[in-house]
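Data first, discussion second: the structure below is written as structure tokens.
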Amino acid sequence: MDRFEAIRLFTRIVELGSFSRAAEQLGITRAGATQAIQQLEARLGVRLLARTTRQVTPTPDGSDYYQRCSAILADLDDAEAVFSQASRTPRGRLRVDLPGSLCRLVLMPALPDFCRRYPEIRIELSVSDRQIDPLREGVDCVLRIGALDDDLPLVARRLATLPLVTCASRSYLERCSRPQSLAQLQGHHAVDNLSATTGKAFAFEFMLAGQVERLHLPASVAVNDGGGYVAACCAGLGLIQVPLFHVARQLASGELEEVLPAHRPPAMPLHLLYAPNRQATARLRAFIDWAGELFARAPEQLAG
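Quick note: to get our numbering, add 1 to the position in the sequence shown (first position is 1).
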């Protein structure tokens, strides 16, 4: 293994915290990865990685070396992208992580257009509603709705601001009456939407005189999945608050009805995130531009 390959292996081990995962991503054996790092440490005369049975972490020298190597590799990737055919024809594997509802209702129906435009890109989608570290998870970018985790040093591009709605099923409103004000929510029930990170239910939020009012309504059902959350509402189990795209079809058909439209929840940002020490490749730049076009649509047009 030449020097640049060994450096690239070292940076992936640091980012993933694993010899095995780094070796798998780079298409080499675990033993080959171990030998390459041993040779790199011998050439430098320092120990770069501290290994335990559970994790691999950089030593102080390893952390300094990682920062320098990351910058060198980013410059090298940028130079190759400028002068290679890949800079003109995006190709290769692109790994994207995003929430399930966004994947199912917005991205997947639009994906044939992306594939027609960029037939040499293989896009691999992973679905999760939790905040992830793209480097450790081995993905090129993530799409996330809501507030960002400031602890992750990521480049963020805002794609859209998504309006949220409060809604209920027709059967629920016929049974429990339609609230005309926040005060009339007394006696109503919600479906609890559980955070994938904390496991706690999100409070309902309403805009009132320019201020955010937060309420917790009693709930008989709690879910931690967007699809299940909407399904529970359609079954008449209570009120929910979701991005408009998630229930656009049900609202258009009359299956669900918006409640308290004058007091909609604060809109939520949608960001595309990627690691700063990973120069945006041609395929990532192509996806960023395409996603920007996709989410520039009116919110009610996003669901398919």
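All C-beta atoms in this analysis are idealised placements derived from N, C-alpha and C, irrespective of residue type, glycine included.
Relative to the C-alpha of residue i, which residue among the options is closest?
i	options	result
asparagine 225	Gly237, Leu274, Tyr173, Val192	Val192
serine 102	Arg145, His217, Ala184	Arg145
phenylalanine 203	Ala210, His217, Cys142	His217
tyrosine 66	Pro270, Arg13, Met109, Thr35	Arg13
arginine 215	Gln39, Leu183, Pro262, Pro91	Leu183
arginine 52	Ser21, Pro244, His189	Ser21
valine 47	Asp62, Pro277, Thr35	Asp62
leucine 238	Arg171, Gly255, Ala253	Arg171
glutamate 206	Cys177, Pro244, Leu174	Pro244
leucine 271	Leu252, Leu295, Ala249, Ala253	Leu295
isoleucine 29	Ser221, Ala43, Cys234, Met2	Met2
glycine 18	Cys142, Ala111, Thr60	Thr60
proline 277	Leu149, Gln132, Arg105, Leu155	Leu155
glycine 255	His189, Leu174, Asp114	Leu174
glycine 139	Ala210, Pro262, Ala23	Ala23
arginine 131	Thr58, Leu149, Gly33, Pro262	Leu149
lysine 201	Val213, Asp141, Ala223	Ala223
tyrosine 275	Leu240, Cys142, Gly229, Pro180	Cys142
isoleucine 133	Glu16, Leu108, Ala210	Glu16
glutamine 187	Pro219, Met109, Arg31	Pro219
arginine 179	Leu240, Ala236, Ala233, Ala210	Leu240
glutamine 181	Leu112, Pro262, Ala297	Pro262
Taking DSSP's pairing of strands, which residues face residue i in a bridge?
i	result
proline 244	Leu165
methionine 269	Leu163
methionine 208	Val213
isoleucine 289	Answer is none; isoleucine 289 lacks a bridge partner.
serine 127	Asp98
glutamate 259	Cys168
isoleucine 122	Gly93
leucine 274	Val143, Ala157
Going by beta-carbon coordinates alone, are residue i and residue j separated by less than 8 Å?
i	j	result
valine 231	histidine 247	yes
leucine 273	leucine 160	yes
leucine 74	arginine 4	no
leucine 41	alanine 7	yes
leucine 49	phenylalanine 11	yes
glutamate 258	alanine 157	no
isoleucine 122	glycine 147	no
proline 91	alanine 283	yes
histidine 189	serine 221	no
glutamine 212	cysteine 235	no
Grab the span of the beta strand (DSSP E) containing residue i for me, first residue to last.
i	result
leucine 376	In the structure as shown, the chain starts at 2 and stops at 305, and residue 376 therefore has no counterpart that could be examined.
methionine 191	One point to set straight first is that residue 191 is alanine, not methionine, in the sequence displayed. That run of the beta strand (DSSP E) goes 191-194.
valine 224	220-224
threonine 58	57-59
Just to confirm the assignment, what range does the alpha helix (DSSP H) spanning residue i have?
i	result
leucine 155	From DSSP, leucine 155 is part of no alpha helix (DSSP H); its letter is neither H nor E.
valine 346	This structure leaves residue 346 out entirely; the chain is present only between 2 and 305.
alanine 232	227-235
aspartate 98	Premise fails: aspartate 98 lies in the beta strand (DSSP E), 93-99, not in any alpha helix (DSSP H).
threonine 12	4-17
glutamine 185	Unbroken run through glutamine 185: none, as it is neither H nor E.
threonine 199	No alpha helix (DSSP H) holds threonine 199; DSSP gives it neither H nor E.
glutamine 325	There is simply no residue 325 to check, as the chain begins at 2 and stops at 305 in what is shown.
leucine 41	31-45
Any heavy atom of the ligand PLP closer than 7 Å to the beta-carbon of residue i?
i	result
glycine 28	Only the bare structure without any ligand can be found here, which leaves the ligand PLP out of the picture.
query = Do the segment 262-278 and the segment 154-171 meet, that is, are 3 or more Cβ pairs less than 8 Å apart?
reply = yes
query = Do the segment 287-299 and the segment 181-200 meet, that is, are 3 or more Cβ pairs less than 8 Å apart?
reply = no
ask   = How do the segment 122-133 and the segment 88-98 stand: do at least 3 beta-carbon pairs fall below 8 Å, yes or no?
value = yes
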